[in-house]
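A.B. asks:
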Amino acid sequence: MSMNEDISRLTESQIEALVARYPLPEGVVDCVMTREELAEAVAVSLPTISEWITRGMPVKEMGGQGKPYQLVLSHCWAWRQAWKAQEDLRSDQVKRTQAAMRLALVGGSAGDSLEALDPKTRREILAVQIEQERFQRERNELLRRPDVAEMLDTLYGIIRDTMESAPDRVERREAIPAKVTGALVEICDELVDEVRRRIDDFWSSRPVREVTQKRDLFDA
44 MSMNEDISRL TESQIEALVA RYPLPEGVVD CVMTREELAE AVAVSLPTIS EWITRGMPVK
104 EMGGQGKPYQ LVLSHCWAWR QAWKAQEDLR SDQVKRTQAA MRLALVGGSA GDSLEALDPK
164 TRREILAVQI EQERFQRERN ELLRRPDVAE MLDTLYGIIR DTMESAPDRV ERREAIPAKV
224 TGALVEICDE LVDEVRRRID DFWSSRPVRE VTQKRDLFDA
């Protein structure tokens, strides 16, 4: 069950999936509790438990007219953890949207550049940008240039070494004419050269840009 799904009304199988994803803390034994007992167990008020039930927290048996509610601790714990995960995800999405809007406004029409803003606003915009990049790095949406360069160099080395040894390896396995071996060597060399060219083109189209900032950028 993904966090994009509605957890306000859950089926039995969905509850089981949540319990598997968010088990009780180690050492905690599962049991059935009343609202009052659950409130004490998770250190919240009774009205909070009632609010959670209204939102869709699983209930084993509804109470009323002197009959107590029956709540399974593991179900309620898993539901609450899933709800918190949804809230955290929404908060992250809101922050990213806010950052994107602020940056879009800054880079919008003529005169709306970063240097055209007052120091306080510039500081806020740059802080938002830094936070957005940090968030993207944590989610592996933003890769460091040295990491990409290392990965491409490693792949190139594997391809180069494989292609250089390929003709000899083929000859050892199968008897092939010298003319065919020569053609194979040529094809392998062309492939290695093409891979190198593609990697060089990749970096040529993405040069490192020097960004010059004024010394008073963060002066209020």
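For the record, in the sequence shown the residue sitting at position 108 is 151 according to this note's numbering, with numbers rising by one throughout.
Glycine residues also receive a C-beta, built at the ideal position from the N, C-alpha and C atoms.
This structure is a prediction, so every number in the text was calculated from the model and none was measured.
Do you know how far the Cα of residue 64 is from the Cα of residue 114?
C.D. replies: Mapped onto the sequence shown, residue 114 falls at position 71. Mapped onto the sequence shown, residue 64 falls at position 21. One C-alpha to the other measures close to 19 Å.
A.B. asks: Could you have a look at residue 118 and say whether DSSP puts it in helix, strand or coil?
C.D. replies: What you label residue 118 is simply residue 75 of the sequence shown in a count that begins at 1. Reduced to three states, the DSSP call for residue 118 is helix.
A.B. asks: Since residue 121 and residue 61 should fall inside the 8 Å C-beta cutoff, what is the C-beta to C-beta distance between them, to a whole number of angstroms?
C.D. replies: The residue labelled residue 121 in the question sits at position 78 within the sequence shown. The residue labelled residue 61 in the question sits at position 18 within the sequence shown. Yes, residue 121 and residue 61 are in contact; Cβ-Cβ is about 4 Å, under 8 Å.
A.B. asks: Helix, strand or coil for residue 107 per DSSP?
C.D. replies: Position 64 of the sequence shown, counted from the first residue, corresponds to residue 107. It is a strand residue.
A.B. asks: With DSSP run on the structure shown, which of helix, strand or coil describes residue 171?
C.D. replies: Translated into positions along the sequence shown, residue 171 becomes position 128. Helix.
A.B. asks: For residue 151, does the count of other Cβ atoms within 10 angstroms reach 16, so buried, or fall short, so exposed?
C.D. replies: Within the sequence shown, numbered from 1, the residue matching residue 151 stands at position 108. For residue 151, the pLDDT reaches just 46, beneath the cut-off of 50, and the residue's location in the model is therefore unreliable, although a value from the coordinates is still provided. Its Cβ having fewer than 16 others within 10 Å, residue 151 is exposed.
A.B. asks: Determine, using beta-carbon pairs with one atom in the stretch 64-73 and one in the stretch 98-108, whether at least three such pairs fall under 8 Å.
C.D. replies: Output reads no: the stretch 98-108 does not touch the stretch 64-73.
A.B. asks: Which residues mark the beginning and the end of the alpha helix (DSSP H) in which residue 65 is found?
C.D. replies: Here residue 65 corresponds to residue number 22 of the sequence shown, with the count starting at 1. Where residue 65 is concerned, there is no enclosing alpha helix (DSSP H), given that its DSSP letter is neither H nor E.
A.B. asks: In terms of residue numbering, what span does the alpha helix (DSSP H) encompassing residue 206 cover?
C.D. replies: Position 163 of the sequence shown, counted from the start, is the residue given in the question as residue 206. Unbroken alpha helix (DSSP H) run through residue 206: 188-216.
A.B. asks: Just to check my reading of the structure: residue 77 and residue 112 have Cβ atoms closer than 8 Å, yes? What is that Cβ distance to the nearest angstrom?
C.D. replies: Within the sequence shown, residue 77 is the residue found at index 34, counting from 1. Within the sequence shown, residue 112 is the residue found at index 69, counting from 1. Between residue 112 and residue 77 the Cβ distance is about 6 Å, and since that is below 8 Å, they are a contact.
A.B. asks: Use the C-beta contact count for residue 210: other C-beta atoms within 10 angstroms, 16 or more gives buried, fewer gives exposed.
C.D. replies: On the sequence shown, position 167 is the one that residue 210 refers to. That one is buried.
A.B. asks: Look at the alpha carbon of residue 197 and the alpha carbon of residue 244, and state the distance between them as a whole number of angstroms.
C.D. replies: Here residue 197 corresponds to residue number 154 of the sequence shown, with the count starting at 1. Here residue 244 corresponds to residue number 201 of the sequence shown, with the count starting at 1. The straight-line gap from Cα to Cα measures roughly 17 Å.
A.B. asks: Quick one: grab the DSSP three-state call for residue 75.
C.D. replies: Taking the sequence shown and counting its residues from 1, one reaches residue 75 at position 32. Looking at residue 75 - three-state DSSP - the assignment turns out to be strand.
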